[in-house]
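Asks:
In this note's numbering, the protein residues as written are 43 to 123.
Structure representation (structure tokens):
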């Protein structure tokens, strides 16, 4: 036996489903925006980390060079020490 359609109830249900649909789409947009922001920030942090690693490498290299220069100077002093 078919259930009679109550217009007010049908409108209320359609309104709820439309609201749910709109909020779901909005959440999808927010999620996509957030994923984009995370990807951009991750790339930025990776670039920064690469720069820091390069600086560390340069400082280690220059520090080793200074040590080599210092030991060369000690070996070749006129006093022989």
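C-beta: ideal position from N, C-alpha, C; glycine also.
Quantities reported herein were computed from a predicted structural model and do not represent experimental measurements.
I need the DSSP call for residue 49, collapsed to helix, strand or coil.
Replies: Helix.
Asks: By how many angstroms is the C-alpha of residue 45 removed from the C-alpha of residue 84?
Replies: Taking the straight line from one Cα to the other gives about 56 Å.
Asks: Tell me the rounded alpha-carbon separation between residue 50 and residue 57.
Replies: So the alpha carbons of these two residues sit roughly 11 Å apart.
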